[in-house]
Each structure stands twice: as structure tokens, then as C-alpha cells.
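Scroll down for the structure; my scribbles are underneath it.
Protein chains: 2
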Amino acid sequence: MRLTSFLVFILGAHSAIAQPQRLTDYVNPLIGTHKMGHTFPGATVPFGAVQLSPETDTLPYEVNGKYNKDVYKYCAGYQYTDKTIVGFAHTHFSGTGHSDLGDFLIMPTVGKLQLNPGTADRPKSGYRSPFSHNEETARPDYYRVRLSRYNILAELTATTRVGVHQYTFPKTDSAHIILDAVYGIYNYPDKNVWTFMRVENDTLVTGYRQTNGWGRTRTVYFAMTFSRPFKDYGFQNGSKKQVYRGFWRKFDETHNFPEIAGTQIKAWFDFNTRAGDQIKIKFAISPVSTANALQNLQTEAPGWNFKQIKQAGQELWERELSKAAITADDNTLRNYYTAMYHSFINPTVYMDVNGEYRGLDQNTHKAEGFTNYTTFSLWDTYRAQHPLLNILQPTRNSHMVASMLAHYNQSAHKMLPVWSNSANENWCMIGYHSVSVLADAVVKDIPGIDRAAALDACVATARHKSYDGLGYYRTLGYVPEDKNGASVSKTLEYAYDDWCIARMAAKLNRQDIYNEFMLRSLNFRNVFDPSSGFMRPRLSNDSFKKPFDEMNTDEPGYIEGNAWNYSLYVPHAPDELIQLMGGKRRFIAHLDSLFTMQLPDSFFAKTEDISRDGIIGNYVHGNEPSHHIAYLYNEAGAPHKTQRQVRDIMKKMYHPTPDGLGGNDDCGQMSAWYIFSALGFYPVAPGSDQYWLGSPSVATATLHLENGKTFTITARNQGDKNVYVQKATLNGRELDRTYIRHQEITDGGALVFYMTDKE
Amino acid sequence: MRLTSFLVFILGAHSAIAQPQRLTDYVNPLIGTHKMGHTFPGATVPFGAVQLSPETDTLPYEVNGKYNKDVYKYCAGYQYTDKTIVGFAHTHFSGTGHSDLGDFLIMPTVGKLQLNPGTADRPKSGYRSPFSHNEETARPDYYRVRLSRYNILAELTATTRVGVHQYTFPKTDSAHIILDAVYGIYNYPDKNVWTFMRVENDTLVTGYRQTNGWGRTRTVYFAMTFSRPFKDYGFQNGSKKQVYRGFWRKFDETHNFPEIAGTQIKAWFDFNTRAGDQIKIKFAISPVSTANALQNLQTEAPGWNFKQIKQAGQELWERELSKAAITADDNTLRNYYTAMYHSFINPTVYMDVNGEYRGLDQNTHKAEGFTNYTTFSLWDTYRAQHPLLNILQPTRNSHMVASMLAHYNQSAHKMLPVWSNSANENWCMIGYHSVSVLADAVVKDIPGIDRAAALDACVATARHKSYDGLGYYRTLGYVPEDKNGASVSKTLEYAYDDWCIARMAAKLNRQDIYNEFMLRSLNFRNVFDPSSGFMRPRLSNDSFKKPFDEMNTDEPGYIEGNAWNYSLYVPHAPDELIQLMGGKRRFIAHLDSLFTMQLPDSFFAKTEDISRDGIIGNYVHGNEPSHHIAYLYNEAGAPHKTQRQVRDIMKKMYHPTPDGLGGNDDCGQMSAWYIFSALGFYPVAPGSDQYWLGSPSVATATLHLENGKTFTITARNQGDKNVYVQKATLNGRELDRTYIRHQEITDGGALVFYMTDKE
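These protein sequences, in sequence, are chains F and Z. Letter by letter, the first sequence follows residues 4 to 762 of the working numbering. Letter by letter, the second sequence follows residues 4 to 762 of the working numbering.
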């Protein structure tokens, strides 16, 4: 394949002009918006606090008092198959498996003012508008759609903290901008704790909303400016009546009354427009105050040049993507750069331009020497997303580490984050995988880490008595299933985390800590059942739990993975795992079975968070505990099976289409797996400095490192069938191992894979 | 009467030891706690942010969906006739007619832990305890009571921002401190918007509560320390279930779990105690953050010496009371110093020790060069309370003016405060009487006022188009009753306020403003009906409303006063009022009738906020619009009738007993009326520099002014029957007028009344 062919490809989803492109043109934010990807198609800059994106429905959280499971589809607000848009909200998680956010929905309309969204089957029952994918464009930091009902062209872009809207109206004397603060994602009754809004003048509105969602005590402040004065405005307050309204009766609070507060608040702003008139809105958010939101707005988006703001945002993306530029076939280019895009959305900046942010203690803190981040979905992202940042964005990752340490310092539990959501801990999933992120950064000599503080925080977290079976784990050496559920998953993950702490302690010459945690890291042995050959739930009386179904994904003892998958979760001691499982030959056979067995339909019905596309045999790529598995063949002496398998996973699980993700992208972890694998290596055990080799899907890659050095990857004789690595050289010398070290990357150099179609 | 006799009196309510006293010993905080006074008996320092006081019931706000009118008795949390105490809360208004607050109830108990207050008739159904007034002591900044059920001695004191508790326990291994954040005053369903608490360590708890009460968006942050570690703690969360609690199931949140949040939160802390062990608590509040609350605590109350903190607080009171020390008979001493105490509770400091406070825009502001205050019950306090501060506490009043200007600057309505409640405007009552306070301070040359800004704020407020009939008032010259209720009261009060602005403009040489508002100040003429001789509601078609009942206190057109009382509300132009009403003779006859007419029982049933004790004839002293009336005889040439009447009002309306106040004390206005009248003069029209003379009830008074000068008042030949002033001299020269000027006080000097029993 000639290199030049990679420079010729299709532009966008619907046109066919071949020309040289910018890297951002390969990104399709619509990938993952159909089925289970849970990504959003809207505008955001890398790691931006604002994710301004369309919402395509407002399902009730409960129907007849029961959870409405269709709500789950709307974790990111948008479902590709929907026919209507209800508006554009400012905050979205990317790819999560539970959700929150969707703050401050804005919808432009024309004609009779309607303040309810209406229903998908009867859009005219409310303010929503039908739309067509033919009139929709999604690009990094830019989203455009025509709202056909109103003939309004909606365009969105964003800076880090400011969402920017540009609405092109038809001629009308009844143009409306609706600001709906009732809307939200996972919007169950009583989620909205309080909303406060003020019309400061005829172009500026401020306020905040506090919600009790996945973040229990979460507040978003805003400042919203219009490019031209509204002629009239009003509020709708659907809250329960405030008692002693007495002297408020002086006022008509619904119309041109500048302040409102309650739990269910909507606002509307009226304009006259000539055909083609644009109403632009800048909407800044802050975790601290409306004053800070206004400062964010004035600092980041002082003018009204939409195109300029958009171009600046796209330039940020171009710069990020160029840090690991590749040549590859068209599908790979699209998958790869979109994966890069999805890997660089979360975590998100959680700090105002003046350095202030809200801490876990709900106080205002000032970040000294770092940018504060939130949205740490650590059970997912410790695996590959943070390791990826350690290569491509070490400074940013060091700030994320500082943010985790700040979280620890503010924590009433004296624990590092488990899942950090906007000054809240939501405790999602298991383990204490912050320690993996911290250890990986320390072990890899990422600059700017307070190493002693990091180790202290890890140790304190791992010694917590009352966290999720940890007391039992510390005394028994395993979590007993009769005392604490998902006990196998927890025991295995704690053991891995403990090894991370040991690695970190070794690096810092803390022998005492090393001894303690290296010992703990062996606890995986305690849940291995030689009779079944699986990691298996054990009871507090020492016996293994009966009955036991190693196929069942709902089996007690496991979470988001069955015994087949979870039994392979000893990333820090794969050699010993292989021994436990009967040696290399039997281990390889076990892996082969995993990837090839035929499963009944009932299996898929019960497997959480992923579509059937996310499964190969019994290997569940759509959930994270398996992400290292394909690489384990290496340790068993069958690297060619790793090579074939990772290529197969890349091919089957990632497609450059809206339904192209086989499971939740999980804040970039699914995408980070793809990036590593496409480059030809993977961090099987973060906290180690090794990346295990697989089979690159790129032709070439150039990593531009922050230290100014360059690391190149070349796959000679790359091709669809040439999935095997005949040999690999590093800086011209043939590798006699199936891994490379972190420092070999940061020193700069050239890794060359010689590809072949022979095993 | 010999002077020395004033130094001999009864100590406290229940003992009879005669000895020289400190001024604070004359204060009985229980005055006004029975019936309608709405004062509280607990601990506070002058203008303190904390008012730590017992609560004697927790009535449901609604019974069967209807307002429970008994709740009204609990505006200050305490009713003297109650037999049980439910605990001690940290914030209370003094004497208001509607209410709020009651934040963070603390109750010490022994034995089985109970977390509900129980009912008054069955105290053991909850944690409340019976108590006896025989085991209760109330002093400035000190309250003590024995909780008989538990044999716990409870003692309370406070600094400006810290409530200090000292509980002396019996021997027990089950001593509890309950922190009930569900409790509140006017505690209707959904009033509690959000509560957040953290156990920082085994002696420190922090958190906040947001309420939607009379202050719509009001948050109080706290930091609470115990003098010794608790052995165990827990939370009770009565909130509706948070959705997606998923991974919170890792924890038992009810027991030793350090963080909780929700709408209905209670906490408990357990101790072992030996007999006589004291558990002390310092509970600091902040309008800004828990960090600031902790700083307030550490700054104001660093140690654990309860007695020292109490003595320091009482010293503050002693200093305040000594600013206008008197000699008088015992009843007068008790009434007077208690009135002084009640006049110096509200407004309250609303700012942390670091100068930060929450503004009306809900942002954190820093007060530069002033102390920020809230609790401005301006419809009441502009009349006498702020004028009293202008004499005795001009610096503090200048800070209150600065606080009002800050409120104006932060107001979305661009209005000065009407009723300022903790970063909220509650719009209570009518008029825009901030302008009176500002004008009075400007006219009286109070230092430290930004006069130009003050005038601007007054003018903007008075020109507001959509405030409470003001648009009609500006175009028609009166508020038309068919467009906006209480139209007579509003027209009259707007006219007075406008005159205040004119006075201020004159002082600042702003002729244009003077002309505009002096003209507006004449609008009182437009509601005078010559045919009835009363100020009477007028319709937008110019005609007077029919039918018309000048006796009815519910009559449309008036609020908190009938036509008899309100028709006399032209404090700024009494001479013209007298002309309108037919000249001096007829005017005097009108006043005589007012004070002497016999009213049917039905009248009392309908008159708001006051008991029968608050009425003389048809003169309603318990509501404020009449407060200047007794002094109007002066202008009609019958000063002896003023003299007799004010002495009569003082005698009938003020008693040194729990039921001694005939109506709501209204944040000190009722008390300030008493102080002025007892000294022998009254500010009939604040904004003028005149104080009209009455008849002093003191023997002597010495005003120690901030400028270092002293103004003395002497009533020669004072006595119960000698209510008439034969003559008065100022600095030795006989006065040929029935008023003195403000500067005559501030220059220092001696005012001598020569009293007689002859008219």
C-alpha cells in the first residue's frame, strides 16, 4: 500500500470530495451515538468543562412508579435513531454506563410560545422539532442541524467553559429562546434541588442549578449573554408553592420580573427577527459562582465571532490529534482519530479561569499550580486512558493526579476518588483504582507529581476499614461473598491495586510499604479454585460458594464479567496466573475457548451495557475487565494469538459509523484500548513500565512527545491479512521480548513491526 | 424621689436581694415571650449573627393541608406558657410578625436514642424534655435551664457568629447530642431544600442547610466542635430516596459514615459521662462556607472557657446599654433596658470575620470598609429604631446604610431593601422605607455615608415602574384601590418616603431631585376625602371607593391600621394635615376621639398581630403606623395632650413581664419607640432633624455619644402623676418650641424637663 493513498479519502459522511485533510476531519462525533456507545455528537474542546450537544428526547424516569429502562439509552442525551431534537444542553458525559448532567437546555423556536418539550410521536405537542441527519453535521467542537419545524439553523461550538450557540432565524415577530432548567439527564422526580435565575439586563442572565443525581450535591452556575437585547422575557415556575408568598403578590413574577427561584424553572426570551438574522448566545458555566461564570465568559469568549471561536476550538483538537498522527487505511483513520477524540473528552476541567473550583467538601478552593479536573471514571480509565495520557499528555495527567490528591485531601472518608463527579464521589464500581493511576505516573517518572503525598494517599485509601469489604480482605485475604457481593471481582482488583502501591513504594524506597502491599497483591490466589480452574466466590468459612456457574454474567461474586473473563484478571502476575491455571498449554487453550465458544441468546440478554456486537465468543470487550486478556497470550508464549486476536477485536468492535462502538465508551477507555492496540502495544498492568506488544493496525505512527522527542511506529508490509508480527525492531535492533518499556518511548526512537500473514 | 433609690431593686425575677447592679441585670429577655411579643429568651450579643435560644414546640405547619394558625405563636421559637423544650437553635428573629430561621437545633439527651421531638402532651414520645421557669434563667447573652427529664443542665452563650453550649450531664454511658437539621421555624413541607453534613474528625462537624422560607434562597453554613471526642455517631436521612444509589450500598450510611446530604437530615453523637461531666459545643455559622464558619469559630471562640465567653458577651451588652444610662423607677429601668436590649438585636451581622458575605445575587462578596448587616424590617424600623441608632450608634448605622447600598447594587430589581433576610428580599410590607433610613442618616450628617450613591439608589428605587402600584402613583398621584390594594397606606407612605428623598436632595444641593420628590410628597392630598374627613381609597376613575367603613381594620385600602389611624399618617406635613382635617381644634378632637372611643369586641378579633393590651381606644400601638400619633398634639398646639398620652402608652403597653409587650416587637421598633419616649422626645418624621418633645419617664438620662460628647436629660420633679412638662430648658435656656434638633444632641448639652401634674 502506498503511503499517498492514505491522504486521499472521503470527506464527511455524505460527500465524496477527495482532497488532503486535517486530522480533525477524520473525527466523526456521531460514532457511538447509536446503540450502547453513549457518546454525544455535540461541541466540546479537549477535556472541556462544556459539552454542548443536542438532546433527542425527554423520557420520564419513572412510569407508574417504576424505572423506565428506555431512559438508559439517553446517558449522553442523544440517540441516533430519534427523529426530533428537544434542544441543546451544556454538559454531557462521554460514554458512561450510568449518567447525570444535561444542564441548561436551550431551544430556539418560532411562533406560539410553548414551554413543554412535547413527545416524540407528537412533536407539536411541545417545543421540539423534527430534524434529519441529512441536515446535520458533527465535527470536533462544531455541531450543526436544521430544526425543520422552525426553519432555524442551529450551530454550536464551545471553549473550555463557554458554550456558544448561533441560531439563524426566519423572519418573524415571535422568535423565542427557551432556557429549560427542568430538563436533565436521568431526570427523576426531585432530582432538581434548586434553581436560581436573574435577568441582570436585557442581554445577560445568570443563575445556578443544584441537582441530586449521580452527583448527590452538585451545582452548576451559569452566565448567559445574548448577541442582541431581548424585547421581552418571562419565567415559568413549576415548583411546589412557597409558603408565605404574601408580599410577592406585589409582582407578576411570570413576565419581565428579573428574578426567580425554585425547583422547576424555565425561562423564555423574545425577539423580532428578519430572515437570516442570527441570535447568538454565549453560555458560560462555573462550579463556584455566577460571578466566576461571567469571568469565564469574558475571558474565554470576549467577542461574537462564532467562526473564530469554532476555529480556535478545532485548532485545539488538531493539536491534540497531531500528538500521535498515523497513516492507515480509511476506516482505521476514522476509528483511530475518533477514538483519540473520545479519549480526550473526559476527565473534564473543573475549575474557573481564576483557579477556583468547588471541592468535595463543598467549599471553594483555589488550585495552586495545577488545573483541577473531575469526571474520573477510574474503574474504566485506569486501564488504558490514563496510561495513554502519560505518553501523550504527561503534564495534563500530572494535573489529574493533583486533582485526585486534592479530592483525597477534601474527602471526609480520607479516600482517593473512586468515581469523581463534579465535587461529588458517586462510588461507582469497585476497587480503588486511583492508586493505579498514581502508581503508573510515579513509576513512569511523570514530572510534577507530589510522590510522597501520592503514596500516603494510596496507603490511606487501601487501609480504609469500612470500604466495600476491605476490612474482610485485610483480615481474611479475600472478600467473602457471604459478607460482601462481587467478592471475586473485588479481591482480584484489590490485589492488582495493592501491587500498584507496592510498585510505587519500591520506586520511593519505602520497603515497609512495599512489603505490606506486595503481600496483599498475592491475595488473588485466595479466590482461585483449583477444582474448577476458575477464580470463584469464597465464603467467610473458607469454603467456595455453591452452586457455581462460570458462564453466568449475573453470577454472585462478579460484576460486569463472568468467571471466564474475571478469572483472567491478574494483570500484575500473569505468570503465576498461568501456573495456577495449569501451565501455558492449558492457559492458551482456556483463552482460545474464551474467544471461540458459542453462547446461547440468554447470555446476551443478561450482559450489561453492551450490545451483541461487543462480544466475541465469551470474550466481552464491551465491558472493561477483559481489556487486557487478548494480550495474555504473549506471556503464555503465543504472541501470534495476541496479534491475531487484537486485530480481530479492532475489526469487529470498532466501526466508523454511529453504531460503531460495541459498548459504552466509558469516558474514553474503549477508545484508548483502540489507540494503544492500533499502535501495536498495550499497558497490560499500569503501574508497570511495560507495554505488551500486539499487532498494529496503522501503517505508521509518529508520537510527538512533550519532552520534544519523537517516537515512530512503522508496520512494514501492513495489510488486512498481515496481522502477524514476524519480528520487531527498536531503533534498528531486533526485540527479543514481547514488550517495550515506557522510557524507550520517552527517549524517542523507532519501533518497526515486520508484518506477515503467517503465524 | 431620691436618686439612690434607683440603685436598689429586685434582682432577677425570683430573688429579692437588693444591691447595686450592672445595667445588664435590668434586662429580662423573657419580656415579650408570652403572647404576641415574638421575642426570644436565648443568648445573643448586640446585633449578633447567632441567636441561640430554646424552642418550645415543633407544630406542624399544616394540618390536613391547611395552615395551622398556632404556628404563628412560634415566630421566635419560644412560648412562655409551654411546658417542654425540644432543643436549642442558633438563629431567631426578634419580634417579627412572620418568621423563618431556627437553624440547627441541638438537644442533649440521656438513655435510649430518640430522633423525633415528640409531642408536648406526650414528651416521652420523643426527645423533648419538660422544664420549669423556676429552673430557668435568661440574661443578656446567657440562658440556662434544667432539662428535668434528663437531669441535664443546659447553658447557652454566644459570640457574634458562634453559639456556645455547655451541657452538664449525669453519669451515663448513653449521653447523646442530637443535631436536628429538620427542625425549623415556620417549617412547612419542602421548606428544607438541602442539607449537607460531614464529620471531619471526632470533634468537628461541618455542613450547611438551604431553606426556601421567608428567605426564598437562604443558606446557613456551620462548623461545630465538641469539647471532647464522641465515641460514636450517626445520621438519619428522612429524605426521599435518591435514585441510582447503586454503589452507595457499599456503606452503612447510618452509622459512623462521615458524610450525608438530603432534605431531612438529623445527626447524633454519643458519649459516656460521669456525673457532672460537661460536654461543650461551639457552633459557628457563616453565610458563605463551612471554611468561613470554621474560621469564625477559631477567631471568635478559640478556647473552651464558657464563663469567659459569656462574660465577654455580657460586657458587650453592658457597653451598649451604658450609651444611654438612666435613673428611673424600677419598672421603668426594667422596661427601658430590656427595650434597649431588644432594639440592639436586629439588624444582624451578615458577614464572616474575613469580611466575606453572601450577596443578594447569591455570590460571595467582600465588605470593604463596613460590616454587612441583614434582617432589615424596614417598614417597622425606619420609624424609631434607625433614628435611635443615629444617636447612639452612628457608625453602626452607617454600616447598615452601606449594607443597604450593597443590597441595591446586587439587586436584580435595582431597588433598595424592603425587608432584607439573609441575602434575600422578602418584600414584606409596603413602601420603600430604606429611603427614610438613608435620608435620616444624610440629613443628620452621619459620617461615612456615600451620599451621592445613597441619593441615586433612593431615586432609582422611587422611580421603579412595576413596584407595587408605583406606576399608578407616579401618573395619577395616588395608588388606585381598584388596581392595587392597601392603596391609602401605600399612597401615604410613598408620599412620606418621597419627602425623605427631597430632604436628602436638598442637603446635597440637587434641586432637580428636590423638586421632583417634594412634589410627589404632596400626594397624600390626593387620597384625602373632605366629605368624610378621612384618608380614603380612591379608584382609577378618580372617585372615592364605596362603601367606606373608617373603623374596619380589614377595610380595603389599608394595611395594619384602619382609616382612623392611617389618616394621621402624614408625618412630614402635619401642619397641612391639620388644615385638611379642619384646623387645630377639630384635629385635636379627632385625636381625642381616637384615644378614647370604645370599640366592640369584633374589632379586636380582626386586628392583626396585637393583643387587646396593644390598643388604647382605637389607637393601635401594637402596629406601627400609629407610632407618631401621640406626638401630633404638639403641632396642634396641645403639647400637654402629647405628654399625657405618651406616658399613658408607656404605662399601658410596656410591662417588665413575659407578657409585657402588647404586640410584636418588630425587630426593635416597639422598643425603640419606648426608649425615645422614655427619654422625652421622638423622631416623628425621620429625614427631618427634629425630635418632638413628649414627657420623659426617666428621672435622668446620660447619652454618651460616639463623638465623645455627652447629652444629659433630667426630669425635675419626676413622678407617676407629674406627666406634664411645665417648661424645658436646653443648656439652661428655656425652649420656646416643642422639639429639639439632632445637632443639639450631638453637640452635647443638657436638656431639663420641669415636670408637674398640672396640664
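The C-beta atom is built at its ideal place from N, Cα and C for all residues, glycine as well. Here the structure is a predicted model, which is why all the values come from computation and not from measurement.
- [ ] Put Z:I716 into one of helix, strand or coil per three-state DSSP.
- [x] It is a strand residue.
- [ ] Taking a Cβ distance cut-off of 9 Å, strictly less, list which residues of the stretch 189 to 221 of chain Z are near chain F, in chain order.
- [x] Only those residues of the stretch 189 to 221 of chain Z whose C-beta falls short of 9 Å from the nearest C-beta of chain F are listed: Y189, Y191, P192, D193, K194, V196, W197, F199, R201, V202, E203, T209, G210, Y211, Q213, N215, G216, W217, R219, T220.
Open item on the list: Taking 9 Å as the threshold (C-beta atoms), are F:S437 and F:C461 in contact?
Closed with: yes
TODO: Using three-state DSSP, classify F:A702 as helix, strand or coil.
DONE: Under the three-state reduction of DSSP, F:A702 is assigned to coil, being neither helix nor strand.
Task: Contact set between the stretch 357 to 375 of chain F and chain Z, restricted to residues whose Cβ is under 7 Å from the partner - done: D364, Q365, N366, T367
Open item on the list: So Z:P261 contacts chain C; which residues on that side make the cut at Cβ distance below 7 Å?
Closed with: Annotation note: the requested chain C is absent from the structure, which comprises protein chains F and Z.
Task: Cβ-based neighbour list, Z:S18, same chain, cut-off 8 Å, excluding 5 preceding and 5 following - done: Residue placement at Z:S18 is flagged as unreliable, the pLDDT there being 41, under the threshold of 50; the coordinate-derived value follows with that caveat. The beta carbon of Z:S18 sits closer than 8 Å to none of the beta carbons in its chain outside the five residues before and after it.
Task: Collapsed DSSP secondary structure at Z:N334 in the structure displayed - done: helix
Open item on the list: Can you confirm whether F:C461, when its beta carbon is compared against all beta carbons of chain Z, has any partner nearer than 9 Å?
Closed with: no
Task: Residues bridged to F:R212 [DSSP beta-bridge criterion] - done: F:T198, F:V223
Open item on the list: Just to confirm before moving on: does the CB-CB distance between F:V30 and F:T341 stay below 9 Å?
Closed with: yes
- [ ] At 4 residues or longer, and completely inside the stretch 443 to 468 of chain Z: list those alpha helix (DSSP H) runs for me, N to C.
- [x] 454 to 465
- [ ] Return the residues of the stretch 465 to 499 of chain F that lie within a Cβ-Cβ distance of less than 9 Å from chain Z, sorted by chain order.
- [x] S469, Y470, D471, G472, N487, G488
Task: Per-residue DSSP class, three states only, for F:Q311 - done: helix
TODO: Apply the 10 Å Cβ neighbour rule to Z:G241 and answer buried if 16 or more other Cβ atoms are within range, or exposed otherwise.
DONE: exposed
Open item on the list: Beta carbons nearer than 7 Å to chain F: which residues of the stretch 279 to 294 of chain Z have them?
Closed with: Residues passing the 7 Å Cβ filter: S292, T293, A294.
Open item on the list: For F:E158 and F:A426, what's the separation of their Cα atoms in angstroms?
Closed with: 31 Å
Task: Residue(s) in a DSSP beta bridge with Z:N204 - done: Z:L207
- [ ] Report the neighbours of Z:M432 on chain F: residues whose CB is nearer than 7 Å to its CB, in chain order.
- [x] F250
Open item on the list: In the DSSP output, what is F:R736 paired with across the bridge?
Closed with: F:L733
Task: Buried/exposed call for F:N601, threshold 16 Cβ in 10 Å - done: Looking at the sequence shown, residue 601 of chain F is not Asn but Gln. Exposed is the call here.
TODO: Excluding the 5 residues preceding and the 5 following F:T206 in the sequence, name in chain order all residues of the same chain whose CB lies nearer than 6 Å to its CB.
DONE: T228, F229, P232
Task: Element boundaries [beta strand (DSSP E), containing F:S406] - done: Secondary structure note for F:S406: it is in no beta strand (DSSP E), and the uninterrupted alpha helix (DSSP H) holding it is 397 to 413.
Open item on the list: Here's the rule I'm using: 16 or more other beta-carbon atoms within 10 Å means buried, otherwise exposed. How should Z:V66 be labelled?
Closed with: exposed
- [ ] Give me the Cα-Cα distance between Z:T7 and Z:N720, rounded to the nearest whole angstrom.
- [x] A caution first: Z:T7 carries a pLDDT of 40, below 50, which makes its placement in the model too unreliable to give a value.
Open item on the list: Which of the three DSSP states is assigned to F:Y29 in this structure?
Closed with: helix
TODO: Taking 9 Å as the cut-off, decide whether the C-beta atoms of F:Y435 and F:H467 are in contact.
DONE: yes
Open item on the list: Nearest by alpha-carbon distance to F:N544: which of F:G114, F:N565, F:V482 is it?
Closed with: F:V482
Open item on the list: The alpha helix (DSSP H) that contains F:H631, what's its start and end?
Closed with: No alpha helix (DSSP H) contains F:H631, which DSSP labels as neither H nor E.
TODO: Give a yes or no on whether the minimum CB-CB distance between F:H101 and chain Z is below 9 Å.
DONE: yes
Open item on the list: Check whether the stretch 326 to 343 of chain Z and the stretch 252 to 266 of chain Z touch, using three or more Cβ-Cβ pairs below 8 Å as the test.
Closed with: Between the stretch 326 to 343 of chain Z and the stretch 252 to 266 of chain Z there are fewer than three inter-stretch CB-CB distances shorter than 8 Å, so the stretches are not counted as touching.
Open item on the list: I need the boundaries of the beta strand (DSSP E) containing F:I348, first residue and last residue.
Closed with: F:I348 -> no beta strand (DSSP E), and no H or E assigned at all.
Open item on the list: If you follow the alpha helix (DSSP H) that F:G474 is in, where does it begin and where does it stop?
Closed with: Residues 473 to 479.
- [ ] Could you tell me whether the Cβ atoms of F:Y146 and F:G216 are closer together than 9 Å?
- [x] no
Open item on the list: Helix, strand or coil, according to DSSP, for F:N275 in the structure here?
Closed with: strand
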